[in-house]
Each structure stands twice: as C-alpha cells, then as structure tokens.
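Structure record follows, encoded as structure tokens.
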Amino acid sequence: CVTLTDIEGSVVEIRDGAEGETLMELARRHDVKGIIAECGGACSCATCHVYIDAAWSAAVGAPDPVEEDMLDMVEDIRRPTSRLSCQITLHPGLDGLAVEVAPEL
Ligand code: FES
5 CVTLTDIEGS
15 VVEIRDGAEG
25 ETLMELARRH
35 DVKGIIAECG
45 GACSCATCHV
55 YIDAAWSAAV
65 GAPDPVEEDM
75 LDMVEDIRRP
85 TSRLSCQITL
95 HPGLDGLAVE
105 VAPEL
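Oh and the sequence shown: position 69 is 73 in UniProt numbering, straight run, nothing missing.
Quick look at the structure:
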C-alpha cells in the first residue's frame, strides 16, 4: 500500500503497486493530481516531484547525482525529503510508503 497526498490535499491510498514499477507510474495510473511526469520518467522534468514522509526517507534513500541536479531546478520548493517519483522503484520494503505530491512551480 502506498499513500499519496495530492496537490489538493486529498489522500489517495493505492494498493495495486507492482514490484519494479516506479512511484510515478503508479501515481499516473491512478491519476494522482500533481504528478505530471512530462518527461515520461527520464529524470529531466521534475514534474513528478514528491516529499517523502520523514519516517520513510531512509528506506527510500537519497537521490543520485543526476536526480540531485534536477531537484536543484526546483530549489524554491525543495525540501530535505524531496525526491523525483520516477526515480523510486517499488519493492516490498516500501509497503506502507507515504508521500506528499509537491506543488507545481
Ligand atoms: Fe520527469 Fe520524473 S517524470 S523527472
């Protein structure tokens, strides 16, 4: 189960995440508001920006250098827990994950 709070503040619980699917793909499949994913998951648009719940940030891990560069482009709304959801691949260890969709710039 993954819980996303969309940009309107609605909480969406999704239970059919597949192992190997990215968090962005899952959110798009369920039309979660605020996940645009303009670049289709290529880590080059930052319109799939989410804030990881603090309790989950260690399990999710840190962004790689390419993702870091993209996150720098949205530094106005960046938080320490910011990640690009297209760079997070679902696996059983992330069952229960909670994130908040970042606002659009
Ligand atoms: Fe473009 Fe994630 S979908 S960076």
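All C-beta atoms in this analysis are idealised placements derived from N, C-alpha and C, irrespective of residue type, glycine included.
Three-state class that DSSP yields for residue i in the structure shown
| i | result |
| --- | --- |
| residue 50 | coil |
Proximity below 8 Å, CB of residue i to CB of residue j
| i | j | result |
| --- | --- | --- |
| residue 107 | residue 11 | yes |
| residue 26 | residue 93 | yes |
| residue 50 | residue 88 | yes |
| residue 24 | residue 90 | no |
| residue 57 | residue 102 | yes |
Span of the beta strand (DSSP E) around residue i
| i | result |
| --- | --- |
| residue 104 | 102-105 |
| residue 86 | 86-88 |
Sheet register partners of residue i (DSSP bridge)
| i | result |
| --- | --- |
| residue 17 | 7 |
Delimiting residues of the alpha helix (DSSP H) encompassing residue i
| i | result |
| --- | --- |
| residue 30 | 27-33 |
| residue 69 | 69-76 |
| residue 59 | Looking at the DSSP string, residue 59 is not in any alpha helix (DSSP H), and its letter there is neither H nor E. |
Supposed close pair residue i, residue j - CB separation, criterion 8 Å
| i | j | result |
| --- | --- | --- |
| residue 28 | residue 47 | Actually they do not touch by this definition, with Cβ atoms about 10 Å apart. |
| residue 78 | residue 109 | 6 Å |
| residue 65 | residue 5 | Actually they are not in contact, since the Cβ atoms of residue 65 and residue 5 sit about 20 Å apart, beyond 8 Å. |
| residue 104 | residue 55 | 5 Å |
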